[in-house]
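Structure record follows, encoded as structure tokens.
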Amino acid sequence: MPSQIPEETIEEIKKGNDIVDIVGEYVQLKKQGRNFFGLCPFHGEQTPSFSVTQDKQIFHCFGCGKGGNVVTFVMEIEGYSFIQAIEFLANKSGHVLPGMDVQAEQSPYKREQNDVLKAYEWLSKLYHHLLRHTKEGKEGYNYLLSRGFTDDIIDKFQLGFSPGSKDFIAEFLEKKGFHKQLMVKAGILSVNEQDVVTDRFRSRVIFPIRNHLGKCIAFGGRTITNQEPKYLNSPETDLFQKGKLLYNFDLARSAIRKEQKAVLFEGYMDVISAYKAGVHNGVATLGTSITESQAKLLRRYVDTVVICYDADKAGVQAAYKAAKLLKSVNCTVKVATMPNNLDPDEYIGQYGADRFKQDVLDASDTYMTFLMKFLAKDYNLHLEGDRIQYVERILDEIALMERPIEREYYLKELSNQFDLSLDTLSLEVRNRLKKTVSKPDNQRQVSHTKITKGAFSNKKLLPAFHNAERRLIAYMLHNQSICEKVKEEIGGLFNIDDHKVIVTYLYAYYEEGHSPDVSNFIEKLPDTTIQNLVVQIAMIPVLDNISDREINDYIRTIKAEQGDHAKIKSLKAEQRLAEKQKDPVKAAQIGMEILSIQKRLKNFNG
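In this text, residue positions in the sequence shown follow the numbering used here: the first is 240, and each later residue adds one.
The following block contains the structure:
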């Protein structure tokens, strides 16, 4: 088993995986100039500060400071080791890594997780086979056909059936070499009151639940008899956390990008029925209300989310909560209205695919229209007092809107509905805005939308020598001849310790025969802090035809800082000696000289 992958192979794999394509599978990227920007997947934010540079094959977040290349991105977002990331990318680009044994790199915890994943993979295939090709699965198969499912849909979603036997699955897994204790811990098997291990999902139709990579990590089971509960999910584990996953996200992701919107449903059956109806960008929560983590996941991929929940009271209440949460993470929210207390699956069954798309999804209410309808249910609008309270409540929401055209539109709606002066309503909104602005920062109400700030906002000004070193390194990363000139002029005598480390590695990098390539260079660096700093410096714009004069100016600024600091150090030593020799006049004169140099440095460095 090779412990090292040849550097040439790594380079081929990196070249076969464009960083924009790989990052784009996790983050909704939009091109601005030469770079791509999106919401950082490593920290919560509402305005994009995460940048991907295609020509340099690097990423950098101006918010949290993380940066790197395509390999380090995969390592960070998936929690992979270096070799696991390379294997992942090799699979993407079609490269073969013969003889690789990833298990050897893994901790016992990772090996245990891999065993669980393998067990889920085996079981999802077994359940599907039982449903489609055996007498034991006929009952589940006929149930799905009665619900309008086709063989293509059953195969697409790998639906399955677990037989009624208490120990069929347990024995199957044991024969495959999986320990019962681990399978119980993973929620695949259950333990009854007599401490006997049994099959968890027996006599249920099986819905495999996959992560964003398409790996099965849990099951949902629906009863086809009178078992309770009607739906049964795998318990939460390290691999399966309901609040962080969305059902069908792996299959829907490409359609979400293509459609530029996602449709959010409440359950598996709605997603699959919608898919059958031609709606391929549908996802669902897993038996719980949508969480902030799920909302942020959708926001990273798409701006617009259409909520399509059941029409009953619980469904409408859940839609309200989901709409508020999605809006809070800066999504454009629409809410579909289901008539006659139907759920999406029932509506499609009764009225067909075309009407579902045209009369339900395409006719979705905007967030504000839905909110006005929803809040109206809490008031008796025939009573004067309730009408005033309702208008006040809606004005609170309108005041949160950033776009004046939206505010004016809904103010006119209120004006027409309640025969109120538009001027009066506008004044009420302006008063609310003034109160918000006048509050201390920590008490202001956060707007649903924010103006994107520049990537370098709120950055403290650096001294001139510090900027000179950063800009000089940026050119050294870009141009080997500049690097050689700097090496001859000042070598490693930079003033900032991290800069000394960077140039030391950069000199060695070029000496080994490498060409300028930031993406490749950062893999030679000792830790992520230095890697992130190099990526940050590499994002500084450089000129292709930089003059020798400008490079010499940077070098001179760096040397000047060294000279002055060396002079101060020497003078302080002289001052201490004068104090020991009981010569206060000389010590004071030296002190004045030190202050003069420090003052000049302060003025020079801005």
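For every residue, glycine included, the Cβ atom is placed at its ideal position computed from N, Cα and C. These numbers come from a predicted model, not from an experiment.
| Asked | Found |
| --- | --- |
| If we ignore side chains and look at the alpha-carbon of each, how far apart do Leu537 and Val544 end up? | 8 Å |
| Relative to the C-alpha of Gly277, which candidate in Met831, Asp736, Ile325, Asn569 has its C-alpha closest? | Asn569 |
| When DSSP builds the beta bridges, which residues end up paired with Gln271? | Asn274 |
| For Val423, tell me which candidate among Lys414, Lys415, Asp434 has the shortest Cα-Cα distance. | Asp434 |
| Which parts of the segment 253 to 326 are runs of the alpha helix (DSSP H), unbroken and 4 residues or longer, counting only runs that do not cross its ends? | 258 to 262, 309 to 317 |
| Does the segment 257 to 268 come close enough to the segment 506 to 514 to have 3 or more Cβ pairs within less than 8 Å? | no |
| So Leu634 and Leu664 are supposed to be a Cβ contact under 8 Å. How far apart are they, rounded? | 7 Å |
| Given His418, which residues of its chain have a CB within under 7 Å of its CB, disregarding the five upstream and five downstream residues? | none |
| Helix, strand or coil: which one does DSSP assign to Leu503? | strand |
| Give the single residue among Gly307, Pro578, Lys254, Thr768 whose Cα lies nearest to the Cα of Val740. | Thr768 |
| So, Ile445 versus Ile456, is the Cβ gap smaller than 8 Å? | no |
| If we ignore side chains and look at the alpha-carbon of each, how far apart do Gln828 and Ser720 end up? | 46 Å |
| Please go through the same chain and pick out, in chain order, the residues whose beta-carbon is closer than 8 Å to the beta-carbon of Glu818, but skip the five residues on each side of it. | Ala826 |
| Just how far apart, CA to CA, sit Met611 and Ser385? | 39 Å |
| Please go through the same chain and pick out, in chain order, the residues whose beta-carbon is closer than 7 Å to the beta-carbon of Ala777, but skip the five residues on each side of it. | Lys295, Ile297, Ala713, Leu716, Val757 |
| Sort out for me which residues DSSP pairs Leu471 with in a bridge. | Gly460 |
| Kindly indicate the opening and closing residues of the alpha helix (DSSP H) around Ala523. | From DSSP, Ala523 is part of no alpha helix (DSSP H) but of the beta strand (DSSP E) over 521 to 523. |
| Identify the residues that DSSP records as bridge partners of Asp438: which are they? | Leu428 |
| CA-CA distance, Thr743 and Leu336? | 33 Å |
| Compare the beta carbon distance of Ile408 and Leu478 with 8 Å and say whether it is the shorter of the two. | no |
| Is Lys573 helix, strand or coil by DSSP? | strand |
| Keeping to the same chain, check which residues put their C-beta closer than 7 Å to that of Arg856; ignore five residues upstream and five downstream. | The requested residue 856 does not occur in the structure, where the chain is confined to residues 240 to 845. |
| Taking the alpha-carbon of Glu413 as reference, which of Asn381, Leu834, Gly307, Ile427 has the nearest alpha-carbon? | Ile427 |
| Tell me the start and end of each unbroken beta strand (DSSP E) in the segment 531 to 585 that is at least 3 residues and wholly inside, in chain order. | 543 to 546, 571 to 574 |
| Just verifying my parser: in three-state terms, what is the DSSP assignment at Asp406? | coil |
| Is Phe446 helix, strand or coil by DSSP? | strand |
| Please list the segments of the beta strand (DSSP E) lying wholly inside the segment 350 to 381, counting only runs of 3 or more residues, in order along the chain. | none |
| Buried or exposed for Ser288, going by 16 or more other Cβ atoms inside 10 Å? | buried |
| Taking the alpha helix (DSSP H) that Ser654 belongs to, which residues open and close that run? | 643 to 657 |
| Using the DSSP secondary-structure output, state which residues sit across from Asp604 in a beta bridge. | Val574 |
| Touch check for the segment 370 to 379 and the segment 387 to 405: three-plus C-beta pairs under 8 Å? | yes |
| Determine the extent of the beta strand (DSSP E) in which Ser528 is found, giving its start and end residues. | Here Ser528 belongs to no beta strand (DSSP E), and DSSP marks it neither H nor E. |
| Could you tell me which residues DSSP pairs with Ser401 in its beta bridges? | Arg443 |
| Using the Cβ count rule (16 or more neighbours within 10 Å means buried), how would you classify Met831? | exposed |
| Can you tell me which of Gly517, Gln589, Thr524 puts its alpha carbon nearest to the alpha carbon of Leu484? | Thr524 |
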